[in-house]
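To start, the structure under review is shown below, and the notes come after it.
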Amino acid sequence: MRVLFQAVGALGGRVGARFGVAGMSSTGLMSTMPAPAKSTQASITRGIRQVASCSSSAFAAAVASSSFLASSTASAAMPAQLSVVQPFSSSTSLGAQGGGGGGGGGGGVEGRRGERTQSWQPSLASSLSKVRALVYSENGPPESVLRMAEAHPLPEVGHGQVLVKVLAAPINPSDINQIEGTYPNRPPLPAVGGNEGVGVVTDVGAGVKNLKVDDLVVAARYGLGTWREQLVCEEDDLIQVLPDSPLEYAATVVVNPTTAYRMLEDFVNLVEGDVVVQNGATSMVGQAVIQLANVKGVRTINIIRDRPDLAETVRNLQDLGATVVVTEEQAEDRSIMKHVMGDLPPPVLGLNCVGGSSASSILKVLAPGGTIVTYGGMAKKPVTVSASQLIFKDVIVRGFWVSRWVELHSKEERLEMINHLLQLAKDEKLKLQIEKVPFAEYQGALEKALGKRGHSKAKQLLRGCSKAKQLLVME
């Protein structure tokens, strides 16, 4: 530490000489310095943050060679001898300058929550803030590339930004695909994993209009990197939800229940007595479809994979309100389907997240003029529609991607839908299988999400996964 303070003092002398300011020292670096121009402010701030992020010996060597001062005032690049501890770029996963929602902040330049002045001072305390975060610097298998960073750097809370304490965040198939590099929305690397979650606002920056401390919020867009203890993001990246919302449902409402709700609302005008057929019925989307259809008085035919605990799985889906449950093999047999459907009318809507032969089974039972909506392709096989189905049954083939829906609709529309879904959860009309896992035990949760422990009753059918949605709890 003595070497570090000596180095800071040396830096003070060099900065003073550079800008014609006297009286700068390691104990009062900015005490007599007038407010410099913005470009100078940024340069000095970079220099101080580099002091905080390198070893004392490396920094002393840099000061001795004058390369540190030159790089901090003339270029944003960190000199080679100081690159041993290089924070993640705010333009990648931290989002401190208005980007993708990153790590958390120091709570203002004066160090007191909610109080800010126009005078400029470097916030060394904020640059030293650290949190735990699950990060990856390359795409690949999550179990190989994902690691727990015990001291992930946090940016300051900037203008229009808020600091959020993350309470819980789920592991979704899209999260896994992002890490693998196979999902359309991929953040720049290095990145923090996770796209969905719930948290509480703990600090707000200047210019924030609608959020305040203690508001309960959920992620409003992909790419925030929710697998961390705290994050800083733009106010517009969040949606405030009712304060009495059940946390585990608030953490998971934005992706899967939203997908189920939109597919039941946006493609066919469903009325009481109609029938919907779906594959992937044990997934969280599938379970939500069953229950949301029940609310509308709509019946469901549910196609699932065969499995050792088939009888138990069927009972669980029936308890949620499933009308008919069949395996993929049974769904391919026309005589079996005719028998199990009984007096049910042909489905007017089919929901496909698997593809291949499972999607073909949906098309076979679909009513003339019916619509099949594809929202996943877990079998990695195409959806094949025959000419006769298009000509003689006039089937309609559509697709759905929740990220695109979010882009095309206002926050007000999304807030209304989210609060409606959370109210259904409070009324116990929407129940989801969720397993809470301490943040430190993320590896076990990841193994379950990838299907390496036990058999699936939820989430990814192709990979298999745990019997419940894996929810990382940060506390």
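The opening residue of the sequence shown carries number 1 in full-length UniProt numbering; numbering runs sequentially from there.
All C-beta atoms in this analysis are idealised placements derived from N, C-alpha and C, irrespective of residue type, glycine included.
It should be emphasised that the depicted structure is a prediction, and the values quoted were computed from it without experimental measurement.
Check the DSSP bridge columns for Gly207 and list the partner residues they point to.
As a working mapping, residue 207 is identified with position 207 in the sequence shown. According to DSSP, which records beta bridges pairwise, Gly207 is partnered with nothing at all.
For Asn302, which option in Ala288, Ala281, Thr313, Pro173 has the closest C-alpha, if you only look at C-alpha atoms?
Looking up residue 302 in the sequence shown gives position 302. Taking only the C-alpha atoms, the option nearest Asn302 is Ala281.
Buried or exposed by the 16-neighbour rule on C-beta atoms within 10 Å, applied to Val213
Numbered from its first residue, the sequence shown carries residue 213 at position 213. Looking at its Cβ environment, which holds fewer than 16 other Cβ atoms inside 10 Å, Val213 is exposed.
In whole angstroms, give me the CA-to-CA distance for Ala379 and Asn352.
What you label residue 379 is simply residue 379 of the sequence shown in a count that begins at 1. What you label residue 352 is simply residue 352 of the sequence shown in a count that begins at 1. Computed Cα separation, rounded: 11 Å.
Would you call Pro188 buried or exposed, if buried means 16 or more other Cβ atoms sit within 10 Å of its Cβ?
Here residue 188 is taken as the residue at index 188 of the sequence shown, counted from 1. Exposed, by the Cβ-count rule.
Do Val164 and Leu264 come within 9 Å of each other at the CB atom, strictly closer than that value?
Along the sequence shown, read from residue 1 onward, the residue named residue 264 stands at position 264. Along the sequence shown, read from residue 1 onward, the residue named residue 164 stands at position 164. The answer is no: Cβ separation not under 9 Å.
What is the C-beta distance between Gly350 and Gly370, in whole angstroms, given that I count them as a contact (C-beta under 8 Å)?
Indexing the sequence shown from 1 puts residue 350 at position 350. Indexing the sequence shown from 1 puts residue 370 at position 370. About 7 Å; that satisfies the 8 Å criterion.
Consult DSSP for Pro257 and reduce its assignment to one of helix, strand or coil.
As a first step, residue 257 is located in the sequence shown; it is residue number 257 there, counting from the start. Three-state DSSP puts Pro257 in a helix.
Arg132 (DSSP reduced to helix, strand or coil)
Counting from 1 along the sequence shown, the entry for residue 132 is found at position 132. Residue state, collapsed to three classes: strand.
Which partner residues does Gln240 have in the DSSP bridge list?
Within the sequence shown, residue 240 is the residue found at index 240, counting from 1. Note: Gln240 sits in a beta bridge opposite Val217.
Confirm, please, whether the CB-CB distance from Gly273 to Pro345 is below 9 Å.
Along the sequence shown, read from residue 1 onward, the residue named residue 345 stands at position 345. Along the sequence shown, read from residue 1 onward, the residue named residue 273 stands at position 273. In contact: Pro345 and Gly273 (Cβ atoms closer than 9 Å).
Starting from Pro190, follow the alpha helix (DSSP H) in both directions and report where the run begins and ends.
Residue 190 sits at position 190 when you count from the first residue of the sequence shown. Careful: Pro190 lies outside any alpha helix (DSSP H) and carries neither H nor E.
State the start and end residues of the unbroken beta strand (DSSP E) segment that holds Arg147.
Residue mapping note: residue 147 aligns to position 147 of the sequence shown, counting from 1. 147-153 is the span of the beta strand (DSSP E), which, as asked, contains Arg147.
If distances are taken between C-alpha atoms only, which option among Ala468, Ala311, Met341, Met474 comes closest to Glu441?
For the purposes of this step, residue 441 is identified with residue 441 of the sequence shown, where counting begins at 1. Among Ala468, Ala311, Met341, Met474, the Cα nearest to that of Glu441 is on Met474.
In the DSSP output, what is Lys436 paired with across the bridge?
Working through the sequence shown from its first residue, we reach residue 436 at position 436. In the DSSP output, where bridge partners are listed per residue, Lys436 has Leu471.
Since Glu235 contacts Gly160 with CB under 8 Å, what's their CB separation in whole angstroms?
Residue numbering aside, residue 235 sits at position 235 when the sequence shown is read from its first letter. Residue numbering aside, residue 160 sits at position 160 when the sequence shown is read from its first letter. Contact flag correct, Cβ pair sits at about 6 Å.
So, helix, strand or coil for Gly199, using DSSP?
The residue given as residue 199 occupies position 199 in the sequence shown. Strand at Gly199.
Looking at C-beta atoms only, is the number of pairs between the stretch 411-427 and the stretch 389-399 that lie closer than 8 Å three or more?
no
Ignore the nearest five residues each way along the sequence and tell me which others in Leu446's own chain have a CB closer than 8 Å to its CB.
Translated into the one-based positions of the sequence shown, residue 446 becomes position 446. Only Pro142, Glu143, Leu146, Ile171, Gln470 meet the Cβ criterion.
Own chain partners of Val348 with C-beta closer than 6 Å, once the 5 adjacent residues on each side are dropped
As a working mapping, residue 348 is identified with position 348 in the sequence shown. Excluding positions up to five away in sequence, the list reads Val268, Asp274, Ala367, Gly370.
By Cβ distance below 8 Å, which residues in the same chain neighbour Arg398 in space, the five residues on each side in sequence not counted?
The residue you call residue 398 lines up with position 398 of the sequence shown. Answer for Arg398: Phe267, Thr371, Ile372, Val373, Thr374, listed in chain order.
Cα-Cα separation between Leu472 and Val200, rounded to whole angstroms:
Residue 472 sits at position 472 when you count from the first residue of the sequence shown. Residue 200 sits at position 200 when you count from the first residue of the sequence shown. Taking the straight line joining both Cα atoms gives about 16 Å.
Backbone secondary structure at Gly280 - three-state DSSP
As a working mapping, residue 280 is identified with position 280 in the sequence shown. In this structure, Gly280 counts as coil in the three-state DSSP scheme.
State the start and end residues of the unbroken beta strand (DSSP E) segment that holds Arg404.
Taking the first residue of the sequence shown as position 1, residue 404 is located at position 404. No beta strand (DSSP E) contains Arg404, which is instead part of the alpha helix (DSSP H) from 402-408.
Mind checking Asp203: buried by the 16 CB within 10 Å criterion, or exposed?
As a first step, residue 203 is located in the sequence shown; it is residue number 203 there, counting from the start. Its Cβ being crowded by 16 or more others within 10 Å, Asp203 is buried.
C-beta contact flag for Gly193 and Val135 at 9 Å
Reading the sequence shown from its first residue, position 193 is the one you call residue 193. Reading the sequence shown from its first residue, position 135 is the one you call residue 135. Against a cut-off of 9 Å, the Cβ pair of Val135 and Gly193 comes out as a contact.
Residue range of the unbroken alpha helix (DSSP H) whose run includes Pro173:
Taking the first residue of the sequence shown as 1, we reach residue 173 at position 173. First-last of the alpha helix (DSSP H) with Pro173: 173-180.
Looking only at its chain, what residues have a beta carbon closer than 7 Å to the beta carbon of Ala331, apart from the 5 residues adjacent to it on each side?
On the sequence shown, residue 331 is found 331 positions in, with the first residue counted as 1. Excluding residues within five positions, the ones whose Cβ falls inside 7 Å are Ile303, Met337, Ser361.
Count the CB pairs spanning the stretch 247-263 and the stretch 427-436 that are closer than 8 Å, and state whether there are at least three.
yes
If you draw a straight line from the C-alpha of Val383 to the C-alpha of Thr323, how long is it?
As a position in the sequence shown, residue 383 is number 383, starting the count at 1. As a position in the sequence shown, residue 323 is number 323, starting the count at 1. Looking at the two C-alpha atoms, the distance is approximately 25 Å.
To which residues of the same chain is Trp227 closer than 7 Å at the C-beta, ignoring the five residues directly before and after it?
Position 227 of the sequence shown holds residue 227. Counting only Cβ-Cβ distances below 7 Å, and skipping sequence neighbours, we find Ala133, Leu134, Ala169, Val192, Gly193, Gly194, Leu472.
Quick check on the burial criterion: 16 or more other C-beta atoms within 10 angstroms. Buried or exposed for Ser358?
Looking up residue 358 in the sequence shown gives position 358. When all chains shown are included, Ser358 counts as buried.
Tell me the residue span of the beta strand (DSSP E) that contains Val365.
For the purposes of this step, residue 365 is identified with residue 365 of the sequence shown, where counting begins at 1. Element bounds for Val365: not the beta strand (DSSP E) but the alpha helix (DSSP H), 356-365.
Check this for me: beta carbons of Asn177 and Tyr222, under 9 Å apart or not?
Within the sequence shown, numbered from 1, the residue matching residue 177 stands at position 177. Within the sequence shown, numbered from 1, the residue matching residue 222 stands at position 222. No. Outside cutoff.
On the CB-based measure, 16 or more other CB atoms within 10 Å of its CB, does Arg404 come out buried or exposed?
If you number the sequence shown from 1, residue 404 lands on position 404. With fewer than 16 Cβ atoms within 10 Å of its Cβ, Arg404 is classed as exposed.
Does Gly451 come out as helix, strand or coil in the three-state DSSP assignment?
For the purposes of this step, residue 451 is identified with residue 451 of the sequence shown, where counting begins at 1. Of the three classes helix, strand and coil, the one that applies to Gly451 here is coil, per DSSP.
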